[in-house]
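A.B. asks: Here it is, the structure in full.
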Ligand code: DGY
């Protein structure tokens, strides 16, 4: 129908979400789920009022500047918006939204999986069984580090960080220490201990889980200097963004044993340009950016992006407006 607003949907979305999009809008769907080049994205946006992208679409200032005049809203299918130049969008008067809340449980599950997997050497053990190299059991076979009752440090006590803290506290009796831009109210802290700076927090972290967004201030947050002040044998987990870690520094610490193990779901230059040294290390548990990858969450992310679009087209303020 001609009057329905045209929306460029850059990736294949859950079926229920695409069905709903088709009812209310004129979506340009990506049935093959091919990653568009910048030129394709700009070309396909011609006449579209909205773009519904994922974090896989790099929306630089240049690309945003080159978008057709018709584009008035970018409704991201992601909580992270580091792929999208918000200042460029603002200066063109383009509204930007994201999908918070709905992926907190799923992402915290993966953070927990990484923490347990790294500490208990899960991928190493799995490889051993699969390769038929597992020959024997002995008291020192595949001995890892216990998670229960330890101190967990969290950087970024937003929605995902808070779920991670609750699960670690309630499920594994962990003591929670954290750093955040601001201290949480006492009821949300639920006994967690706050530190004003990353440097004050790190010496307390037997485990460290990163949950802050990638911003100019947080890029390279975990570098060699900060790794040096972690306790010996600490375990590092990252489900936020690869840019938070300096790969060379982490790999060096994993090789020297300064850091006992790491669990990563996100990477600098993922997927093709992942730091090559990681693949050679046994004490690292690697997952392919699947923090939000549950059926329930992917549906919820799609419907949340739709809710933002619906609000925009109804002339009200989208609840998840970030620019
Ligand atoms: C997010 O929503 O930011 C996740 O990383 C998936 O894009």
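Numbering (my numbering), first residue to last: -11 to 311.
Each residue gets a CB set at the ideal place from its N, CA and C atoms; glycine is no exception.
None of the values given here were measured: they were computed from a predicted structure.
(1) Taking the alpha-carbon positions, what's the residue 185 to residue 158 distance?
(2) Tell me the DSSP secondary structure of residue 309 in three-state form.
(3) For residue 209 versus residue 232, is the C-beta distance shorter than 7 Å?
(4) Looking at the unbroken alpha helix (DSSP H) that takes in residue 319, where does it start and where does it end?
(5) Is residue 66 a contact residue of the ligand DGY, with contact defined as CB to any heavy atom under 6 Å?
(6) List in chain order: all unbroken alpha helix (DSSP H) runs of 4+ residues lying wholly within the segment 169 to 245.
(7) Might you give, ordered along the chain, the residues of its own chain that have their beta carbon closer than 7 Å to the beta carbon of residue 89, omitting 5 neighbours on each side?
(8) Give a yes or no on whether the C-beta atoms belonging to residue 211 and residue 237 are separated by under 7 Å.
(9) Give me, in chain order, the residues of the same chain whose beta-carbon lies closer than 6 Å to that of residue -8; leave out the 5 immediate sequence neighbours on both sides.
(10) Provide the residue(s) that pair with residue 85 in DSSP beta bridges, ordered along the chain.
(11) Measuring alpha carbon to alpha carbon, tell me which of 175, 194 and 45 ends up nearest residue 22.
(12) Any idea if residue 195 is buried or exposed, counting beta-carbon neighbours within 10 angstroms, 16 or more meaning buried?
(13) To which residues of the same chain is residue 322 closer than 6 Å at the C-beta, ignoring the five residues directly before and after it?
(14) How far does the beta strand (DSSP E) with residue -3 in it extend, from its first residue to its last?
(15) List the residues that DSSP assigns as beta-bridge partners of residue 139.
(16) So is residue 35 in contact with chain B if we call contact Cβ pairs under 7 Å?
(17) Compute the minimum distance between the beta carbon of residue 43 and the heavy atoms of the ligand DGY, and state whether it is under 6 Å.
(18) Just list the residues that DSSP pairs residue 7 with in beta bridges.
(19) Give, in chain order, every unbroken run of the alpha helix (DSSP H) that is at least 4 residues long and sits entirely within the segment 22 to 61.
(20) Exposed or buried, residue 86, counting other C-beta atoms within 10 Å across all chains shown (16 or more means buried)?
(21) What is the DSSP secondary structure of residue 14, counted as helix, strand or coil?
C.D. replies: Quick answer:
(1) 25 Å
(2) strand
(3) yes
(4) Since the first residue shown for the chain is -11 and the last is 311, residue 319 is missing from the structure and cannot be characterised.
(5) yes
(6) 174 to 177, 186 to 189, 212 to 216 and 235 to 244
(7) 147
(8) yes
(9) 13 and 14
(10) 63 and 309
(11) 45
(12) buried
(13) Absent from the structure is residue 322, since the part of the chain shown begins at -11 and ends at 311.
(14) -6 to -3
(15) 163
(16) The displayed structure is made up of one protein chain only, and chain B is not part of it.
(17) yes
(18) DSSP, once it has assigned bridges, lists no residue as partnering residue 7.
(19) 26 to 32 and 49 to 54
(20) buried
(21) strand
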